[in-house]
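All remarks here apply to the structure that follows.
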Amino acid sequence: MTIKEIAKQLGYSTTTVSVCLSHRENDPRYKILPEKAEQIREYARSCGYTPNLNAKKLRLSGTNNSVGLLFRERAGMERQFHSMNRVISRLNELNINYQVLTYRDRHVSDALSLLKGLQVKHVISFSPLIEPCSIKHPNSLRRIDAEASRKVDEFLNDWKYVETLLKDMTLYSVNYLFPVPVNGGIRKGLVRMGTDIGRFMRAWIKKINDSGQGPVVVASWCGEEEQMLEEGLLQCKEHILYPSFTLNRYEEGIAFGEHLCKLYKKHPFRTVFIGNDSLAAGIMPVLLDHGFRIPEDIGVIGFGDDEGCPCFRVPLTTFDCNIAGNALEIIEGIASNRTSFENKEEDFTYVERKSFRMRYE
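With this note's numbering, letter number 108 in the sequence shown gets 168, and the count goes up by one each step, no holes.
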(Lines of atoms letter the chains of each structure in order from A and count residues from 1; the text may use other names and numbers.)
(Lines give C-alpha, C1' and ligand atoms only; values in the text may rest on other atoms or scores of the structure.)
Protein backbone atom coordinates (compact mmCIF):
# COMPACT_ATOMS: atom_id res chain seq x y z
CA MET A 1 0.00 0.00 0.00
CA THR A 2 1.23 3.51 -0.86
CA ILE A 3 0.93 6.83 0.95
CA LYS A 4 -1.60 7.94 -1.66
CA GLU A 5 -3.76 4.88 -0.99
CA ILE A 6 -3.58 5.38 2.79
CA ALA A 7 -4.54 9.05 2.37
CA LYS A 8 -7.51 8.09 0.17
CA GLN A 9 -8.75 5.45 2.61
CA LEU A 10 -8.51 7.79 5.63
CA GLY A 11 -9.65 10.96 3.87
CA TYR A 12 -6.47 12.94 4.57
CA SER A 13 -4.04 14.68 2.24
CA THR A 14 -0.92 12.81 1.13
CA THR A 15 1.17 15.51 2.85
CA THR A 16 -0.54 14.87 6.19
CA VAL A 17 -0.02 11.12 5.89
CA SER A 18 3.61 11.53 4.83
CA VAL A 19 4.37 13.89 7.72
CA CYS A 20 2.82 11.52 10.28
CA LEU A 21 4.54 8.43 8.91
CA SER A 22 7.90 10.20 9.27
CA HIS A 23 7.02 11.32 12.85
CA ARG A 24 7.16 15.02 11.97
CA GLU A 25 3.70 15.96 13.24
CA ASN A 26 5.23 18.25 15.91
CA ASP A 27 6.74 20.47 13.23
CA PRO A 28 5.03 23.89 13.72
CA ARG A 29 4.40 24.09 9.98
CA TYR A 30 1.86 21.27 10.20
CA LYS A 31 0.26 21.36 13.69
CA ILE A 32 -1.17 17.85 13.48
CA LEU A 33 -2.86 16.43 16.58
CA PRO A 34 -0.94 13.52 18.17
CA GLU A 35 -4.00 11.27 18.14
CA LYS A 36 -4.48 11.85 14.40
CA ALA A 37 -0.83 11.05 13.74
CA GLU A 38 -1.03 7.83 15.75
CA GLN A 39 -4.28 6.85 13.97
CA ILE A 40 -2.51 7.21 10.60
CA ARG A 41 0.53 5.23 11.74
CA GLU A 42 -1.60 2.48 13.23
CA TYR A 43 -3.62 2.14 10.02
CA ALA A 44 -0.40 2.04 7.96
CA ARG A 45 1.01 -0.69 10.22
CA SER A 46 -2.18 -2.73 9.92
CA CYS A 47 -1.87 -2.55 6.12
CA GLY A 48 1.77 -3.66 6.17
CA TYR A 49 3.06 -0.31 4.88
CA THR A 50 6.84 0.12 4.73
CA PRO A 51 8.59 3.35 3.67
CA ASN A 52 10.37 3.71 0.35
CA LEU A 53 14.00 4.00 1.52
CA ASN A 54 15.20 5.34 -1.81
CA ALA A 55 12.67 8.16 -1.56
CA LYS A 56 13.77 8.84 2.02
CA LYS A 57 17.40 9.01 0.86
CA LEU A 58 16.43 11.63 -1.71
CA ARG A 59 14.64 13.67 0.96
CA LEU A 60 17.71 13.46 3.20
CA SER A 61 19.89 14.83 0.40
CA GLY A 62 18.06 18.14 0.68
CA THR A 63 18.84 18.71 4.35
CA ASN A 64 22.07 19.72 6.08
CA ASN A 65 20.83 18.49 9.46
CA SER A 66 21.22 14.74 8.97
CA VAL A 67 23.92 13.46 11.37
CA GLY A 68 26.30 10.50 11.10
CA LEU A 69 27.26 8.64 14.29
CA LEU A 70 30.50 6.64 14.07
CA PHE A 71 32.19 4.13 16.34
CA ARG A 72 35.23 1.95 15.71
CA GLU A 73 34.67 -1.76 15.39
CA ARG A 74 37.29 -2.76 17.98
CA ALA A 75 36.45 0.09 20.35
CA GLY A 76 33.00 -1.45 20.17
CA MET A 77 29.41 -0.47 20.71
CA GLU A 78 29.63 -1.73 24.30
CA ARG A 79 31.96 1.17 25.18
CA GLN A 80 29.96 3.86 23.43
CA PHE A 81 26.41 2.56 23.77
CA HIS A 82 25.41 4.62 26.81
CA SER A 83 26.65 7.88 25.27
CA MET A 84 25.19 7.08 21.85
CA ASN A 85 21.85 6.17 23.38
CA ARG A 86 21.60 9.60 25.03
CA VAL A 87 22.54 11.30 21.77
CA ILE A 88 20.06 9.27 19.71
CA SER A 89 17.28 10.10 22.19
CA ARG A 90 18.04 13.80 21.79
CA LEU A 91 18.18 13.54 17.99
CA ASN A 92 14.75 11.91 18.04
CA GLU A 93 13.39 14.71 20.24
CA LEU A 94 14.74 17.26 17.75
CA ASN A 95 13.45 15.28 14.72
CA ILE A 96 16.97 15.17 13.27
CA ASN A 97 17.71 12.22 10.99
CA TYR A 98 20.81 10.13 11.74
CA GLN A 99 22.86 7.23 10.39
CA VAL A 100 24.84 4.91 12.71
CA LEU A 101 27.95 3.31 11.20
CA THR A 102 30.91 1.29 12.42
CA TYR A 103 34.35 1.41 10.82
CA ARG A 104 37.44 -0.78 10.92
CA ASP A 105 40.78 0.43 12.27
CA ARG A 106 42.45 2.74 9.78
CA HIS A 107 39.28 2.97 7.67
CA VAL A 108 37.54 6.12 8.92
CA SER A 109 37.49 7.40 5.34
CA ASP A 110 35.31 4.49 4.17
CA ALA A 111 32.55 5.48 6.60
CA LEU A 112 32.88 9.17 5.77
CA SER A 113 32.71 8.41 2.05
CA LEU A 114 29.48 6.46 2.52
CA LEU A 115 27.94 9.26 4.58
CA LYS A 116 29.02 11.85 2.04
CA GLY A 117 27.16 9.83 -0.60
CA LEU A 118 24.05 10.22 1.56
CA GLN A 119 24.67 13.99 1.68
CA VAL A 120 25.40 13.89 5.43
CA LYS A 121 27.32 17.01 6.45
CA HIS A 122 27.80 16.47 10.20
CA VAL A 123 29.52 13.35 11.59
CA ILE A 124 30.20 12.57 15.27
CA SER A 125 32.95 10.05 16.09
CA PHE A 126 32.59 8.41 19.53
CA SER A 127 35.67 6.17 19.48
CA PRO A 128 39.18 7.40 20.34
CA LEU A 129 40.61 9.30 17.39
CA ILE A 130 44.27 10.14 16.80
CA GLU A 131 45.91 11.97 13.90
CA PRO A 132 49.27 10.82 12.50
CA CYS A 133 52.30 12.55 14.03
CA SER A 134 55.79 11.09 14.39
CA ILE A 135 56.63 13.50 17.24
CA LYS A 136 53.44 13.77 19.32
CA HIS A 137 52.21 10.21 18.64
CA PRO A 138 55.34 8.25 17.63
CA ASN A 139 53.89 4.82 18.42
CA SER A 140 51.22 5.24 15.75
CA LEU A 141 53.94 5.44 13.07
CA ARG A 142 56.40 2.84 14.36
CA ARG A 143 57.60 0.49 11.57
CA ILE A 144 59.08 -2.37 13.58
CA ASP A 145 58.38 -5.03 10.93
CA ALA A 146 56.69 -5.50 7.56
CA GLU A 147 53.19 -5.88 9.03
CA ALA A 148 53.59 -2.77 11.19
CA SER A 149 54.83 -0.86 8.16
CA ARG A 150 51.78 -1.97 6.16
CA LYS A 151 49.49 -0.73 8.94
CA VAL A 152 51.31 2.61 9.11
CA ASP A 153 50.84 3.09 5.36
CA GLU A 154 47.17 2.18 5.73
CA PHE A 155 46.82 4.67 8.58
CA LEU A 156 48.49 7.50 6.63
CA ASN A 157 46.44 6.83 3.49
CA ASP A 158 43.22 6.76 5.51
CA TRP A 159 43.94 10.20 6.99
CA LYS A 160 44.88 11.57 3.57
CA TYR A 161 41.42 10.58 2.29
CA VAL A 162 39.77 11.87 5.48
CA GLU A 163 41.36 15.28 4.93
CA THR A 164 40.00 15.38 1.38
CA LEU A 165 36.49 14.38 2.47
CA LEU A 166 36.42 16.98 5.25
CA LYS A 167 36.57 19.78 2.71
CA ASP A 168 32.82 19.22 2.34
CA MET A 169 31.91 17.72 5.74
CA THR A 170 32.59 18.26 9.44
CA LEU A 171 33.86 15.45 11.67
CA TYR A 172 33.36 16.06 15.39
CA SER A 173 35.71 13.85 17.42
CA VAL A 174 34.21 13.82 20.92
CA ASN A 175 36.89 11.38 22.13
CA TYR A 176 39.98 12.94 20.53
CA LEU A 177 43.43 11.96 21.79
CA PHE A 178 45.40 15.18 22.19
CA PRO A 179 47.97 16.61 21.56
CA VAL A 180 47.31 17.96 18.08
CA PRO A 181 50.11 17.06 15.60
CA VAL A 182 53.00 19.53 15.47
CA ASN A 183 52.00 20.64 11.98
CA GLY A 184 48.51 21.53 13.23
CA GLY A 185 46.83 18.45 11.77
CA ILE A 186 43.79 18.75 9.55
CA ARG A 187 42.97 22.45 9.13
CA LYS A 188 39.38 22.25 7.92
CA GLY A 189 36.43 20.13 8.93
CA LEU A 190 37.76 18.48 12.12
CA VAL A 191 36.57 19.54 15.59
CA ARG A 192 38.58 18.02 18.43
CA MET A 193 37.16 17.44 21.93
CA GLY A 194 39.10 15.29 24.39
CA THR A 195 42.22 14.97 26.56
CA ASP A 196 45.94 14.29 26.32
CA ILE A 197 45.95 10.71 27.67
CA GLY A 198 49.69 10.69 28.39
CA ARG A 199 49.50 13.89 30.44
CA PHE A 200 46.38 12.62 32.22
CA MET A 201 47.99 9.29 33.17
CA ARG A 202 51.19 10.91 34.41
CA ALA A 203 49.26 13.32 36.62
CA TRP A 204 47.12 10.59 38.20
CA ILE A 205 49.88 8.04 38.68
CA LYS A 206 51.88 10.77 40.45
CA LYS A 207 48.87 11.61 42.66
CA ILE A 208 48.42 7.96 43.57
CA ASN A 209 52.11 7.51 44.36
CA ASP A 210 52.27 10.75 46.35
CA SER A 211 49.26 9.64 48.43
CA GLY A 212 51.12 6.49 49.48
CA GLN A 213 48.95 4.18 47.38
CA GLY A 214 51.62 3.04 44.94
CA PRO A 215 53.20 1.14 43.30
CA VAL A 216 50.71 1.31 40.45
CA VAL A 217 50.00 -1.33 37.82
CA VAL A 218 48.71 0.10 34.52
CA ALA A 219 47.51 -1.27 31.20
CA SER A 220 49.39 -0.12 28.11
CA TRP A 221 47.03 2.53 26.87
CA CYS A 222 48.58 5.75 25.64
CA GLY A 223 51.83 4.22 24.38
CA GLU A 224 53.95 6.21 26.82
CA GLU A 225 53.97 3.74 29.73
CA GLU A 226 57.58 2.64 29.20
CA GLN A 227 58.65 6.29 29.26
CA MET A 228 56.78 6.61 32.57
CA LEU A 229 58.82 3.67 33.84
CA GLU A 230 62.03 5.54 32.93
CA GLU A 231 60.65 8.65 34.67
CA GLY A 232 60.14 6.67 37.90
CA LEU A 233 56.33 6.89 37.90
CA LEU A 234 56.08 3.11 37.50
CA GLN A 235 58.23 0.78 39.59
CA CYS A 236 59.04 -2.04 37.15
CA LYS A 237 58.22 -3.24 33.64
CA GLU A 238 56.09 -6.08 35.05
CA HIS A 239 53.71 -3.37 36.31
CA ILE A 240 52.69 -2.64 32.71
CA LEU A 241 49.98 -4.94 31.32
CA TYR A 242 49.42 -5.35 27.59
CA PRO A 243 45.78 -6.01 26.63
CA SER A 244 45.30 -7.82 23.34
CA PHE A 245 41.53 -7.29 23.11
CA THR A 246 41.35 -10.53 21.12
CA LEU A 247 39.17 -11.98 23.88
CA ASN A 248 35.94 -10.64 25.27
CA ARG A 249 37.08 -7.76 27.49
CA TYR A 250 35.56 -9.26 30.64
CA GLU A 251 37.34 -12.55 29.89
CA GLU A 252 40.59 -10.71 29.37
CA GLY A 253 40.01 -8.95 32.68
CA ILE A 254 39.63 -12.33 34.40
CA ALA A 255 42.90 -13.48 32.82
CA PHE A 256 44.59 -10.29 34.02
CA GLY A 257 43.19 -10.89 37.50
CA GLU A 258 44.85 -14.32 37.66
CA HIS A 259 48.10 -12.81 36.37
CA LEU A 260 47.98 -10.03 38.96
CA CYS A 261 47.54 -12.48 41.83
CA LYS A 262 50.80 -14.21 40.79
CA LEU A 263 52.55 -10.91 40.06
CA TYR A 264 51.74 -9.58 43.54
CA LYS A 265 53.98 -12.22 45.13
CA LYS A 266 57.01 -11.18 43.02
CA HIS A 267 56.43 -7.45 42.55
CA PRO A 268 53.89 -6.16 45.09
CA PHE A 269 51.66 -3.27 44.09
CA ARG A 270 48.99 -1.23 45.81
CA THR A 271 46.76 0.07 42.98
CA VAL A 272 45.62 -1.18 39.57
CA PHE A 273 44.79 1.65 37.14
CA ILE A 274 43.50 -0.43 34.27
CA GLY A 275 42.08 2.29 31.98
CA ASN A 276 39.06 0.20 30.94
CA ASP A 277 35.93 -0.49 33.00
CA SER A 278 35.27 -3.86 31.33
CA LEU A 279 38.76 -5.13 32.17
CA ALA A 280 38.36 -3.86 35.73
CA ALA A 281 35.04 -5.71 36.01
CA GLY A 282 36.85 -8.96 35.20
CA ILE A 283 39.84 -8.28 37.47
CA MET A 284 38.00 -7.45 40.71
CA PRO A 285 36.15 -10.74 41.38
CA VAL A 286 39.37 -12.70 40.78
CA LEU A 287 41.25 -10.56 43.31
CA LEU A 288 38.42 -10.98 45.81
CA ASP A 289 38.25 -14.74 45.29
CA HIS A 290 42.00 -14.95 45.99
CA GLY A 291 41.50 -13.23 49.33
CA PHE A 292 42.51 -9.66 48.49
CA ARG A 293 40.37 -6.89 49.94
CA ILE A 294 39.35 -4.04 47.62
CA PRO A 295 40.40 -1.30 48.26
CA GLU A 296 42.13 -2.09 51.58
CA ASP A 297 44.76 -4.36 50.01
CA ILE A 298 44.54 -3.39 46.33
CA GLY A 299 42.67 -0.42 44.90
CA VAL A 300 41.21 -0.71 41.41
CA ILE A 301 40.52 2.21 39.05
CA GLY A 302 38.80 1.88 35.67
CA PHE A 303 38.04 4.32 32.90
CA GLY A 304 34.89 5.30 31.02
CA ASP A 305 32.25 5.35 33.78
CA ASP A 306 30.22 2.63 32.06
CA GLU A 307 26.62 2.13 33.18
CA GLY A 308 27.48 -0.99 35.15
CA CYS A 309 30.19 0.62 37.32
CA PRO A 310 27.94 1.36 40.35
CA CYS A 311 26.59 -2.22 40.20
CA PHE A 312 29.84 -4.20 40.20
CA ARG A 313 30.63 -6.50 43.13
CA VAL A 314 32.69 -3.58 44.42
CA PRO A 315 31.38 -0.34 42.85
CA LEU A 316 34.12 0.87 40.54
CA THR A 317 36.07 4.10 40.90
CA THR A 318 36.62 5.43 37.38
CA PHE A 319 36.75 8.49 35.11
CA ASP A 320 34.00 10.06 33.03
CA CYS A 321 35.50 11.29 29.76
CA ASN A 322 32.41 13.39 28.92
CA ILE A 323 31.80 11.79 25.53
CA ALA A 324 28.03 12.16 25.88
CA GLY A 325 28.32 15.78 27.05
CA ASN A 326 30.54 16.70 24.12
CA ALA A 327 28.28 14.96 21.62
CA LEU A 328 25.15 16.61 23.02
CA GLU A 329 26.85 20.01 22.80
CA ILE A 330 27.45 19.31 19.10
CA ILE A 331 23.85 18.18 18.54
CA GLU A 332 22.44 21.33 20.14
CA GLY A 333 24.73 23.43 17.99
CA ILE A 334 23.65 21.67 14.82
CA ALA A 335 19.99 22.07 15.78
CA SER A 336 20.47 25.82 16.28
CA ASN A 337 22.42 26.17 12.99
CA ARG A 338 25.63 27.05 14.79
CA THR A 339 28.33 27.48 12.15
CA SER A 340 31.56 26.99 14.11
CA PHE A 341 32.90 24.98 17.04
CA GLU A 342 36.20 25.35 18.87
CA ASN A 343 38.60 22.55 19.76
CA LYS A 344 38.19 21.68 23.44
CA GLU A 345 40.82 19.97 25.60
CA GLU A 346 39.58 19.23 29.11
CA ASP A 347 40.42 16.89 31.99
CA PHE A 348 38.39 13.76 32.63
CA THR A 349 36.11 13.78 35.68
CA TYR A 350 37.18 11.58 38.59
CA VAL A 351 34.26 9.47 39.86
CA GLU A 352 35.10 7.91 43.23
CA ARG A 353 33.20 4.85 44.41
CA LYS A 354 34.34 1.98 46.65
CA SER A 355 37.08 0.24 44.64
CA PHE A 356 39.60 3.03 45.25
CA ARG A 357 39.66 5.93 47.71
CA MET A 358 42.11 8.75 47.09
CA ARG A 359 43.92 9.82 50.26
CA TYR A 360 44.14 13.57 50.60
CA GLU A 361 46.32 15.43 53.12
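We put the CB at the ideal spot given by N, CA and C, even for glycine.
From a predicted model like this one, the values you see are computed outputs, not experimental measurements.
Separation of the CB atoms of Y236 and G254 is rounded to 4 Å, and the pair is thereby assigned contact status at 8 Å.
Taking Q295 as the centre and dropping the five residues before and after it, the same chain places the C-beta of P275 closer than 6 Å to its C-beta, in chain order. For G177, the closest of T399, S400 and Q159 by C-alpha to C-alpha distance is Q159.
With contacts defined by Cβ atoms closer than 8 Å, G313 and S338 form a contacting pair. For M344, there is no enclosing beta strand (DSSP E); the residue is found in the alpha helix (DSSP H) stretching over D337 to D349. Checking the DSSP bridge columns, you'll see Q295 has no partner listed. Residue pairing by DSSP places I92 in no beta bridge whatsoever. In this structure, P192 and L225 do not form a Cβ contact; the two beta carbons are roughly 16 Å apart against a cut-off of 8 Å. Put simply, the stretch 149-165 does not touch the stretch 97-105. Fewer than three CB pairs are less than 8 Å apart. Among the bridge pairs identified by DSSP, R252 is matched with S233. If you draw a 10 Å sphere on the C-beta of P303, you find 16 or more other C-beta atoms in it, and that means buried. If you look at F333, you'll find it in the beta strand (DSSP E) that goes T331 to F333. Q99 and V147 have their C-alpha atoms spaced approximately 28 Å apart. Using a C-beta cut-off of 8 Å, the stretch 312-329 makes contact with the stretch 340-347, since at least three inter-stretch Cβ pairs fall below that distance. At least 8 Å separates the beta-carbon of G335 from that of V277. The C-alpha of F372 lies about 28 Å from the C-alpha of K326. By the Cβ criterion, the stretch 374-390 is in contact with the stretch 398-415, since at least three pairs of Cβ atoms, one from each stretch, lie closer than 8 Å.
H197 and P241 have their C-alpha atoms some 8 Å from each other. The bridge partners DSSP lists for K404 are M253. Distance between K414 and F329, taken at the CA atoms: about 18 Å. Residue environment analysis places T110 among the exposed positions, since fewer than 16 neighbouring C-beta atoms fall within 10 angstroms of its C-beta. Per DSSP, the beta-bridge partners of A279 are L301. With a beta-carbon spacing of about 5 Å, V127 and H182 fall inside the 8 Å limit used to define contacts.
Taking E412 as the centre and dropping the five residues before and after it, the same chain places the C-beta of T377 closer than 6 Å to its C-beta, in chain order. Between S78 and I92, the gap from beta carbon to beta carbon reaches 8 Å or more. Counting the other Cβ atoms within 10 Å of the Cβ of I190 gives 16 or more, which makes it buried. At a Cβ-Cβ threshold of 8 Å, L130 and I184 count as neighbours. Between the alpha carbons of N243 and I195 lies a distance of about 10 Å. At a Cβ-Cβ threshold of 8 Å, E285 and I268 do not count as neighbours. Between A67 and E85, the C-beta spacing is not below 8 Å. If you look at L323, you'll find it isn't in any beta strand (DSSP E); it sits in the alpha helix (DSSP H) that goes R309 to K326. Straight through space, the alpha carbons of I343 and E311 are spaced by roughly 9 Å.
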